[in-house]
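Since the structure comes first, as structure tokens, the remarks are kept for the end.
2 protein chains.
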Amino acid sequence: MATMQDIADKLGVSRGTVSKALSGAPDISETLQKNILETAVELGYTKLRRPRGTERKLCILAANIDYKEPHQFGHDIILGFRQAAEPAGYTVEIIAATEELQKSTPYDIFMLRNAYHGAFVLGFSLTEPWMEDFHTSHTPTVLYDNYIPANPAIAYVGVDNDEGMALAVSHLRGLGHENIGYLGGAPGSHIMQARCSGFFAALSQDGSTPDPACAGTSYYVTECIETHLPRLLAMGVTGIICSHDLIANAAMVRCQQDGLHVPRDISIIGFDDLPICAHTSPPLTTIRQDQIQLGKSGYYALESLQEQIPIGILLLHAQLILRGSTAEATPRIPCDVL
Amino acid sequence: MATMQDIADKLGVSRGTVSKALSGAPDISETLQKNILETAVELGYTKLRRPRGTERKLCILAANIDYKEPHQFGHDIILGFRQAAEPAGYTVEIIAATEELQKSTPYDIFMLRNAYHGAFVLGFSLTEPWMEDFHTSHTPTVLYDNYIPANPAIAYVGVDNDEGMALAVSHLRGLGHENIGYLGGAPGSHIMQARCSGFFAALSQDGSTPDPACAGTSYYVTECIETHLPRLLAMGVTGIICSHDLIANAAMVRCQQDGLHVPRDISIIGFDDLPICAHTSPPLTTIRQDQIQLGKSGYYALESLQEQIPIGILLLHAQLILRGSTAEATPRIPCDVL
């Protein structure tokens with residue numbers, strides 16, 4: 001582990017100057033401070049020696065995720081994290097990780113400058129600028145639903161998507177569905193890729209080779225509903241598993257508009273178990289990921305990383321929630337609708 | 339959660355009788371006690387109401403694993419577990435999970451009868467009798483290197499084998515090895531299956547389709563060394579990745595007996611980083627799984643399950659340990675040796 005003296009030696013300045021810069025003293029020029037911070041990061045110096053009693057801070061970095069209202073997806077993840085972190089003595093700050101912020105400041109420097117001990121990262125797409133920084137970061141960081149291999153400072157926390165898809169496929173198979181389709185969201189997100197490959201892995205578990213055409217994915221829900229859904233129905237599918245609840249709900253509405261009865265004519269399964277699922281028509285059978293527990297697991301993984309336990313992947317069990325959108329298969333002749 | 343009254347109602351006995359049986363009172367007949375315990379398990383009643391101050395006990399169930407001496411594989415896993423569990427107030431007991439024990443007593447009944455709050459399970463093969471019980475168990479249980487899907491009471495803890503194999507393949511590719519083989523142990527263990535499929539996944543990451551013949555696996559190390567190793571060398575491989583260090587060491591010895599220089603003629607990589615790896619000739623490049631941290635993670639996962647956080651999978655980062663058994667590839671003509 002690098003010391004302040006290592007930083008001082010590398011830059012040819014005094015240890016006192018390094019100490020001042022790291023504590024944000026105003027009599028160090030901005031350029032020198034930046035230089036010292038960057039060197040600290042380069043050498044892997046991330047633990048600021050704080051005076052006793054100084055606040056211990058963690059941050060939640062949020063992008064592309066709504067969390068302010070109780071019904072929004074991120075709300076309970078953040079609540080669970082705070083429920084675990086705050087009793088342990090941490091202050092938790094929520095930061096909007098805008099593209100502007102990510103482009104203006106390297107990740108480790110942002111964390112060091114704000115004296116955060118670690119971060120829980122929510123909603124990042126694969127193209128966020130800091131996703132690149134995570135490969136070499138020295139800061140304990142837990143990513144919800146994103147995976148960075150081979151960096152012992154970074155962990156991935158999420159639900160077991162393979163298990164979730166296996167539960168969904170096995171439920172439909174148990175109801176006699178032999179022709180099962182998939183509708184999925186943006187392939188540009190780690191989790192949409194994981195669910196789609198989990199769907200195919202589940203279909204292959206009986207040794208068969210699934211037809212790639214039985215999955216339709218798109219960045220746009222409308223394209224899923226207007227192009228892929230009719231195509232799957234024309235192929236004679238009797239059950240559809242969706243990458244998330246919002247697509248499942250849109251698919252139910254569209255099927256009903258086209259005169260199909262859900263679940264008598266077509267069974268539909270969502271993923272996530274958003275609060276909306278109990279109130280759709282019919283109520284949606286779905287795969288639950290428990291957001292409070294995901295938040296708590298995020299804190300637990302972050303605490304482990306800080307204690308040098310190099311957690312790489314922590315996945316919660318998925319759970320099948322049975323509601324009214326699935327029923328026994330009624331064989332349908334391909335092309336008889338839409 | 340079932341109560342004692344539920345058990346009493348189901349069996350048509352008094353709640354007092356149930357309470358006595360669960361606390362092992364001697365005036366309940368053995369048959370009735372067995373009946374009550376089995377019903378308790380059936381109904382999911384696993385939390386004995388212990389009087390305040392009663393000992394809190396966890397057990398480690400060990401099969402097919404050596405752990406008594408510091409150089410043995412299980413030693414530090416158990417040490418890490420105890421290092422985390424005992425300060426938290428638990429007594430940890432180590433139980434030899436013999437086939438006789440597993441066949442004589444259903445798992446949940448064994449745990450209930452001995453008042454264990456949970457178990458950390460080491461070394462189980464896929465055919466151990468209790469592996470079947472884990473699918474429906476209600477007892478918080480963490481399996482080292484074994485995976486049971488869809489039971490929220492059971493977690494899998496281990497190293498990220500995919501990441502380990504990716505590190506090994508990428509290291510050899512970086513040294514110019516294009517023709518890479520694999521030697522692996524018993525396909526009857528979860529972890530040997532995971533490492534073999536991790537090897538092929540790593541080879542496919544560049545988009546190529548690997549030849550299934552480049553892997554040789556067997557229950558017997560001698561078969562790996564006497565049949566598969568010569569076959570791989572005849573195919574012109576210049577680097578071999580092994581499922582565990584003992585096969586890697588045996589392969590190095592055999593290559594040297596046959597006049598090949600390790601690593602000049604052939605690079606060899608192990609997996610696990612047993613203490614022996616620093617003392618083989620040459621010292622073995624390998625993938626480390628940190629046993630102390632695995633043990634600690636086992637305890638943390640068990641604690642989480644007890645707090646109803648349904649951890650399914652917890653994998654530690656793998657780490658490439660560079661020693662002397664790998665070097666730049668020297669192209670070899672297939673069939674020129676052995």
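Protein chains in written order, with the numbering used here: chain A, 1 to 338; chain B, 339 to 676. No residue lacks a Cβ here, since even glycine has one placed at the ideal position from N, Cα and C.
Sequence-distant residues of its chain with Cβ nearer than 6 Å to residue i (five each side left out)
i	result
N499 of chain B	A532, R533, G536
I95 of chain A	C59, L61
G662 of chain B	P620, P621
A84 of chain A	K296, Y299
I492 of chain B	F472, T479, I486
Q319 of chain A	R288
P310 of chain A	P152
T280 of chain A	N249
C552 of chain B	G519
Cα-Cα separation between residue i and residue j, rounded to whole angstroms
i	j	result
L203 of chain A	V169 of chain A	7 Å
E128 of chain A	I287 of chain A	27 Å
Q291 of chain A	Y156 of chain A	15 Å
A359 of chain B	R353 of chain B	10 Å
L167 of chain A	Q627 of chain B	31 Å
P282 of chain A	G270 of chain A	12 Å
N517 of chain B	L654 of chain B	29 Å
A435 of chain B	L79 of chain A	41 Å
H455 of chain B	L643 of chain B	10 Å
I371 of chain B	T341 of chain B	It should be pointed out that residue 371 of chain B corresponds to Gln in this sequence rather than to Ile. Computed Cα separation, rounded: 16 Å.
V459 of chain B	L101 of chain A	46 Å
W130 of chain A	L143 of chain A	11 Å
D610 of chain B	R56 of chain A	36 Å
I659 of chain B	H515 of chain B	18 Å
H409 of chain B	E431 of chain B	21 Å
Q308 of chain A	P425 of chain B	18 Å
E328 of chain A	T227 of chain A	26 Å
E437 of chain B	T477 of chain B	20 Å
A25 of chain A	E303 of chain A	29 Å
A616 of chain B	L632 of chain B	21 Å
Integer-rounded CB distance, given that residue j should sit under 8 Å from residue i
i	j	result
A248 of chain A	C242 of chain A	4 Å
I339 of chain A	G181 of chain A	Residue 339 of chain A is absent from the model: chain A starts at 1 and stops at 338.
I651 of chain B	I313 of chain A	6 Å
L340 of chain A	A251 of chain A	This structure cannot speak to residue 340 of chain A, because chain A is shown only from 1 to 338.
G496 of chain B	D483 of chain B	5 Å
G526 of chain B	L464 of chain B	6 Å
G350 of chain B	A401 of chain B	With 8 Å as the limit, G350 of chain B and A401 of chain B do not qualify as a contact, their Cβ atoms being about 39 Å apart.
Paired residues, beta bridge with residue i - DSSP
i	result
Q319 of chain A	A:R288
F120 of chain A	A:I60, A:V142
Y494 of chain B	B:L481, B:I651
T91 of chain A	A:K57
Y445 of chain B	Its beta-bridge partners do not exist; DSSP assigns none.
Y414 of chain A	An answer regarding residue 414 of chain A cannot be provided, because it is not within the stretch 1 to 338 covered by chain A.
A434 of chain B	B:A400
Chain-order list of residues whose beta-carbon lies under 8 Å from that of residue i (same chain, five-residue window excluded)
i	result
T330 of chain A	T238, R264, D265
P210 of chain A	F200, L203, S204
T664 of chain B	H509, L510, L513, G577, P601, S605, I606, I607, T623
L386 of chain B	Residue confidence is low: L386 of chain B scores 47 on pLDDT, short of 50, so the model does not pin down where it sits. Its coordinate-derived value is still stated next. Here the set comprises L360, S361, L450, A453.
D674 of chain B	For D674 of chain B, the predicted model reports a pLDDT of 49, less than 50, meaning its position is unreliable; a value from the coordinates is still stated below. Result list for D674 of chain B: empty, nothing under 8 Å.
T474 of chain B	N489
G185 of chain A	M192, T217, S218, Y219, V221, C224, S243, H244, I247
L37 of chain A	A21, L22, I109, L112, R113
L381 of chain B	A340, D344, I345, K348
G89 of chain A	R56
Own chain residues within Cβ distance below 7 Å of residue i, not counting five before or after
i	result
P51 of chain A	Confidence at P51 of chain A is low in this model, with a pLDDT of 45, below 50, so the placement of that residue should be treated as unreliable; the coordinate-derived value is given next. Closer than 7 Å at the Cβ level, and outside the excluded window around P51 of chain A, lies no residue.
Y67 of chain A	G74, H75, I78
I28 of chain A	T17, K20, A21
A40 of chain A	I7, L22, L112
K441 of chain B	P467
R569 of chain B	G554
Contact test: residue i Cβ vs the ligand GTP heavy atom, cutoff 7 Å
i	result
Q440 of chain B	By its list of ligands, the structure shown contains no ligand whatsoever, and the ligand GTP lies outside what it can speak to.
Cβ of residue i within 8 Å of any chain C Cβ
i	result
Y300 of chain A	The structure shown contains no chain C; its protein chains are A and B.
Which runs of the alpha helix (DSSP H) spanning at least 4 residues fall entirely within the stretch 190 to 271 of chain A, listed in chain order?
190 to 204, 229 to 234, 245 to 257
Uninterrupted beta strand (DSSP E) stretches inside the stretch 339 to 412 of chain B (no shorter than 3 residues)
394 to 400
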